[in-house]
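Participant: If you count the sequence shown from 1, position 195 lands on 247 in my numbering, and the numbers rise without skipping.
Just so you know, even glycine gets a beta-carbon here, dropped at the ideal spot from N, CA and C.
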Amino acid sequence: MYSLKGSIYNFKKKRSKYYANERYVTQQLLKSLSHRQYAVISDLLLPNDGQFRTSQIDHLIISIYGIFCIETKSHKGWIFGSKARRLFKQILFRNSFRLTPNPVEQNNSHIRTVRGLIGERLKAPIVNIVVFPSAERFFINGYEDVGSVNDMIESVFRYGEKVYSYEEASKMIEVICQFNIKRPIEHLKHIERVRAVHV
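In structure tokens:
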């Protein structure tokens, strides 16, 4: 019987709430998805030709049903977002905070990186999912795959038609893992490059 190993490639040792959310999302994905059809790869750092030279991807699912790129956000409270706006907003204890940049657009840049590495093996669009594990309510316009952990799982299961053979999916897993940058210093450099632009 064919099987796609549900492996975790997690090189962070951080203890912050943000990384706790990432770990929680990984655990829920592994718990909910069969390792025979889905491989869960977390905390990827992939090379690209863009502004930051690398893309840090929270979770990538490669399966016979397609590829899913997941961005995890640690914000609590109520989340407001629209496809027509560049900014998302967080309401927390009656205080309003802007979330920038738009996490869906941010994740689109990650998807472009994955698409560039996989190349002609790609048969279907990569699904863009943004998950807020700690948020309470969502007010999202124009985006179907933004929400809670349960919403994330439902988004994945909505794609039930087989797209790739086991051999094709396994090859894509191999390609992504070959390009994954494992050195912790490179992760730190990526964070510094992003902060230099957004802080």
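Considering only the alpha carbon of each residue, which of Val156, His87, Arg164 and Gly168 lies closest to Glu196?
Facilitator: Comparing Cα positions, the closest option is Val156.
Participant: So, helix, strand or coil for Ile192, using DSSP?
Facilitator: Note: Ile192 maps to strand in three-state DSSP.
Participant: DSSP puts Ser107 in a beta bridge; with which residues?
Facilitator: In DSSP, Ser107 forms a bridge with Leu98.
Participant: Contact between the stretch 80 to 98 and the stretch 139 to 159: three or more CB pairs below 8 Å?
Facilitator: Too few Cβ pairs lie closer than 8 Å, so no.
Participant: Do the stretch 119 to 130 and the stretch 176 to 186 touch if we need at least three Cβ pairs shorter than 8 Å?
Facilitator: At 8 Å Cβ cutoff, the stretches touch.
Participant: Please go through the same chain and pick out, in chain order, the residues whose beta-carbon is closer than 7 Å to the beta-carbon of Ile163, but skip the five residues on each side of it.
Facilitator: Answer for Ile163: Cys121, Ile178 and Asn180, listed in chain order.
Participant: Taking the Cβ atom as the reference point for each residue, do Val215 and Gly133 lie within a distance shorter than 8 Å?
Facilitator: No, the pair does not count as a contact, with Cβ atoms beyond the cut-off.
Participant: So what's Leu82 in DSSP terms, helix, strand or just coil?
Facilitator: Three-state result, Leu82: helix.
Participant: Exposed or buried, Glu172, counting other C-beta atoms within 10 Å across all chains shown (16 or more means buried)?
Facilitator: By the neighbour-count rule (16 or more Cβ atoms within 10 Å), Glu172 is not buried but exposed.
Participant: Note down, one range per segment and in chain order, each beta strand (DSSP E) of at least 3 residues found wholly within the stretch 153 to 236.
Facilitator: You should have 179 to 183 and 187 to 193.
Participant: Could you tell me which of Ser107, Val198 and Glu220 sits nearest to Gly168, measuring between CA atoms?
Facilitator: The option with the nearest alpha carbon to Gly168 is Ser107.
Participant: What would DSSP say about Ala91, mapped onto helix, strand or coil?
Facilitator: Of the three classes helix, strand and coil, the one that applies to Ala91 here is strand, per DSSP.
Participant: Going straight from the alpha carbon of Glu219 to that of Gly212, what length do you get?
Facilitator: Between Glu219 and Gly212, the C-alpha separation is close to 18 Å.
Participant: Using only alpha-carbon positions, find the residue among Phe149, Ala187 and Ile170 that is nearest to Asn73.
Facilitator: Among Phe149, Ala187 and Ile170, the Cα nearest to that of Asn73 is on Ala187.
Participant: On the criterion of 16 or more Cβ atoms from any shown chain inside 10 Å, does Asn193 qualify as buried, or is it exposed?
Facilitator: So Asn193 ends up on the exposed side.
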